[in-house]
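Student: Residue numbers 139 to 482, in our numbering, belong to the letters of the sequence shown in order.
Heads up, the beta-carbon is just placed ideally off N, CA and C, and yes, glycines get one too.
Remember, predicted model here, so these are calculated numbers, not experimental data.
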Amino acid sequence: MQEITLIKPDDWHLHFRDGDMLNETVPATARCFQRAIVMPNLVPPVTNAVTLETYRTRILAARPAGSDFEPLMTIFLTDKTTAEDIHAAKAAGAVAAKLYPAGATTNSDAAVSSLKSLYPIFETMSDQGMLLLIHGEVTESHVDIFDREKLFIEQHLQAIYDHFPKLRIVFEHITTKDAADFVLTADERIAATITPQHLLLNRNDLLVGGIRPHNFCLPVLKRNVHQQALQAAVASGSKKFFLGTDSAPHEKAKKESACGCAGCYSAWSAIELYAEVFETLDALDKFEAFASTNGPDFYGLPRNTNTITLVKQNWEIPTEIILPSGEPIVPFYAGQTVSWKLKG
Ligand code: DOR
Ligand code: ZN
Numbered sequence: 139m140q141e142i143t144l145i146k147p148d149d150w151h152l153h154f155r156d157g158d159m160l161n162e163t164v165p166a167t168a169r170c171f172q173r174a175i176v177m178p179n180l181v182p183p184v185t186n187a188v189t190l191e192t193y194r195t196r197i198l199a200a201r202p203a204g205s206d207f208e209p210l211m212t213i214f215l216t217d218k219t220t221a222e223d224i225h226a227a228k229a230a231g232a233v234a235a236k237l238y239p240a241g242a243t244t245n246s247d248a249a250v251s252s253l254k255s256l257y258p259i260f261e262t263m264s265d266q267g268m269l270l271l272i273h274g275e276v277t278e279s280h281v282d283i284f285d286r287e288k289l290f291i292e293q294h295l296q297a298i299y300d301h302f303p304k305l306r307i308v309f310e311h312i313t314t315k316d317a318a319d320f321v322l323t324a325d326e327r328i329a330a331t332i333t334p335q336h337l338l339l340n341r342n343d344l345l346v347g348g349i350r351p352h353n354f355c356l357p358v359l360k361r362n363v364h365q366q367a368l369q370a371a372v373a374s375g376s377k378k379f380f381l382g383t384d385s386a387p388h389e390k391a392k393k394e395s396a397c398g399c400a401g402c403y404s405a406w407s408a409i410e411l412y413a414e415v416f417e418t419l420d421a422l423d424k425f426e427a428f429a430s431t432n433g434p435d436f437y438g439l440p441r442n443t444n445t446i447t448l449v450k451q452n453w454e455i456p457t458e459i460i461l462p463s464g465e466p467i468v469p470f471y472a473g474q475t476v477s478w479k480l481k482g
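Rendered as C-alpha cells:
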C-alpha cells in the first residue's frame, strides 16, 4: 500500500506541559490530531475547575494559526479531591479524572495514597458519567518495577472494576500481557490506550548495549512476550484498544542524566510509527479504528469528520529539536528512518 487515508485521529493520552513548552508541544500534536486528552500532572497539578480552565486557555493560545485542534481536559485526583471538585470540573468541560498512585511517575507526588478512600469520588464520577483514567502501577518500594502493573490489576483494578458497575475506566499505556488480557476479559466499561514505544520496543531496547535514556518511560518497557501481546491486542481489531501516545517531553539534559526522567517525546512521529507497527503486523485494515474511532466511541464523543493521509515515503526523525526555551530535546526515535509520512 502506498497511501492510507483515515478519519482524523485523536491522541487519547499525552503531556503538553506548560509555559513556553506549549509553543512546541501543541503545534506538534495539532499537525495530525484533532483532539487530545491532556494529562494534568503539572507542577502543581490541575486539580479543579479553575486551574483546568486557565490551563485550557493557555493551550488554546498555543495552537497554530487557523488550527481547530481541541484539548480535552482532565483533572488530577488527590487525597483531597471532593465531590464538588468533580461536579465543578465536569461543568468546566473535564471529560475524565486521572488517578496516579502517589510516586508512580513524573510529578505524581501529590497523588493518591489510599485508593479505597477515593471510592466516594469514583461513585460521584460514575454518577456524572466522568471517565476514570488510571496509571496502573503499584508503588511500594519492595515491588519489582517489572511487576508493578500486574500487581496493580490484582490489588486494585479488579476491585474498582467490581465495585463500580457503571464507571468507565481507561487503563492507560498498558505494557503487559496481563493488562491486555484483563481488558479483553472485562466488559465494555474498560478500555486501554497503547503507546508507540510499547508496541515498537521491549526492555532490551532500554538496556542492551548501554542504557538508552530516550527509551525510558513509565510504566517501563517489559520483556518481548509482553510487547508481542500488545501487538496482538491491536492487531485483533478489538474496540477496547486505542491510540494514546503518552508523548511526554523532557529536556535532553534531564533525560541524559544520572537520574534520567521518564517519558518519550513522540508527537512529531507517533502517527507514522503506529502506521509502521500496523503494517509490520499486516493489520493496516485495523489501523483506522485504533487511531480514529475506538477512542471517541468509548468516550461517547463524536467521531471526527475530516481525514488525514499518510504516504509511503522515508524520512528521518530529527536528532534534536530546540525548545522555545532554547534547550534541546531529543524526540522519540531520533535519527531513525520512518517509512510513512503525513501528507500536506
Ligand atoms: O514516562 C512517563 N512520563 N510516564 C508517565 O506516566 C508520566 C510521563 C511524564 O509526565 O513525563
Ligand atoms: Zn502519561
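To which residues does DSSP link T212 through a beta bridge?
Tutor: As a working note, residue 212 is residue 74 in the sequence shown. Its beta-bridge partners are A234.
Student: In whole angstroms, what is the alpha-carbon distance linking A408 and M268?
Tutor: On the sequence shown, position 270 is the one that residue 408 refers to. On the sequence shown, position 130 is the one that residue 268 refers to. Approximately 27 angstroms, taken between the alpha carbons.
Student: On the criterion of 16 or more Cβ atoms from any shown chain inside 10 Å, does T185 qualify as buried, or is it exposed?
Tutor: To locate residue 185, count along the sequence shown from 1; it is residue 47. T185 comes out buried.
Student: Would DSSP call S395 helix, strand or coil?
Tutor: The residue given as residue 395 occupies position 257 in the sequence shown. Of the three classes helix, strand and coil, the one that applies to S395 here is coil, per DSSP.
Student: Is T167 buried or exposed, if buried means 16 or more other CB atoms sit within 10 Å of its CB?
Tutor: Numbered from 1 along the sequence shown, position 29 holds the residue referred to as residue 167. With 16 or more Cβ atoms within 10 Å of its Cβ, T167 is classed as buried.
Student: With DSSP run on the structure shown, which of helix, strand or coil describes D282?
Tutor: The count along the sequence shown starts at 1 and reaches residue 282 at position 144. In the structure shown, D282 sits in coil (DSSP, three-state: anything other than H, G, I, E or B).
Student: Could you tell me if the beta carbon of C355 falls within a distance shorter than 7 angstroms of some heavy atom in the ligand DOR?
Tutor: Working through the sequence shown from its first residue, we reach residue 355 at position 217. Checking the Cβ of C355 against the ligand DOR gives yes.
Student: Check the DSSP bridge columns for V488 and list the partner residues they point to.
Tutor: The shown model of the chain, from 139 to 482, leaves out residue 488, and the question about it has no answer.
Student: Round the Cβ separation of L344 and F354 to the nearest angstrom and send it over; I've been treating them as touching at under 8 angstroms.
Tutor: Within the sequence shown, residue 344 is the residue found at index 206, counting from 1. Within the sequence shown, residue 354 is the residue found at index 216, counting from 1. Contact holds; Cβ gap of about 6 angstroms.
Student: Cβ of K236 within 8 angstroms of Cβ of L271?
Tutor: The residue you call residue 236 lines up with position 98 of the sequence shown. The residue you call residue 271 lines up with position 133 of the sequence shown. Closer than 8 angstroms, so yes.
Student: For my contact list, H294 and T313 are in at a C-beta cut-off of 8 angstroms; report their separation, rounded to the angstrom.
Tutor: For the purposes of this step, residue 294 is taken as the residue at position 156 of the sequence shown. For the purposes of this step, residue 313 is taken as the residue at position 175 of the sequence shown. Actually they do not touch by this definition, with Cβ atoms about 16 angstroms apart.
Student: Between D149 and the ligand ZN, is there a pair consisting of the residue's CB and a ligand heavy atom that are separated by less than 7 angstroms?
Tutor: In the sequence shown, residue 149 corresponds to position 11, counting from 1. Checking every heavy atom of the ligand ZN against the Cβ of D149, none is found closer than 7 angstroms.
Student: From what residue to what residue does the beta strand (DSSP E) around A329 run?
Tutor: Reading the sequence shown from its first residue, position 191 is the one you call residue 329. Note, A329: beta strand (DSSP E), I328 to I332.
Student: Over what stretch of residues does the beta strand (DSSP E) that includes K479 continue unbroken?
Tutor: Position 341 of the sequence shown, counted from the start, is the residue given in the question as residue 479. Element bounds for K479: T475 to L480.
Student: Using a threshold of 7 angstroms, is the CB atom of H294 nearer than that to any non-hydrogen atom of the ligand DOR?
Tutor: Here residue 294 refers to the residue found at position 156 of the sequence shown. No, the ligand DOR has no heavy atom inside 7 angstroms of this Cβ.
Student: If I'm right that T244 touches A400 with Cβ under 8 angstroms, what's the distance once you round it to whole angstroms?
Tutor: For the purposes of this step, residue 244 is identified with residue 106 of the sequence shown, where counting begins at 1. For the purposes of this step, residue 400 is identified with residue 262 of the sequence shown, where counting begins at 1. Sure, about 6 angstroms apart at Cβ, within 8 angstroms.
Student: Are there any heavy atoms of the ligand COA lying less than 7 angstroms away from the beta-carbon of N179, as far as the coordinates show?
Tutor: Absent from the structure shown: the ligand COA. Ligands present: the ligand DOR and the ligand ZN.
Student: Suppose contacts are defined by Cβ-Cβ distances below 8 angstroms. Is D460 in contact with P469 by that definition?
Tutor: Mapped onto the sequence shown, residue 460 falls at position 322. Mapped onto the sequence shown, residue 469 falls at position 331. First, the residue type needs correcting, since residue 460 is Ile and not Asp in the sequence shown. No, these two residues do not count as a Cβ contact at 8 angstroms.
Student: Closest to G241 by C-alpha separation, out of P209, R286 and S205, would be which residue?
Tutor: Position 103 of the sequence shown holds residue 241. Among P209, R286 and S205, the Cα nearest to that of G241 is on R286.
Student: Does the Cβ of H311 lie closer than 7 angstroms to at least one heavy atom of the ligand ZN?
Tutor: For the purposes of this step, residue 311 is taken as residue 173 along the sequence shown, with counting starting at 1. Yes, the Cβ of H311 comes within 7 angstroms of a heavy atom of the ligand ZN.
Student: Put H336 into one of helix, strand or coil per three-state DSSP.
Tutor: What you label residue 336 is simply residue 198 of the sequence shown in a count that begins at 1. Correct three-state label for H336: helix.
Student: Cutting at 8 angstroms between CB atoms, please list the residues of its own chain near Q266, excluding the five before and the five after it.
Tutor: Within the sequence shown, residue 266 is the residue found at index 128, counting from 1. So the list reads I224, H225 and K228, once near-sequence residues are dropped.
Student: Give a single yes or no on whether D343 has its beta carbon closer than 7 angstroms to a heavy atom of the ligand ZN.
Tutor: If you number the sequence shown from 1, residue 343 lands on position 205. The answer is no for D343.
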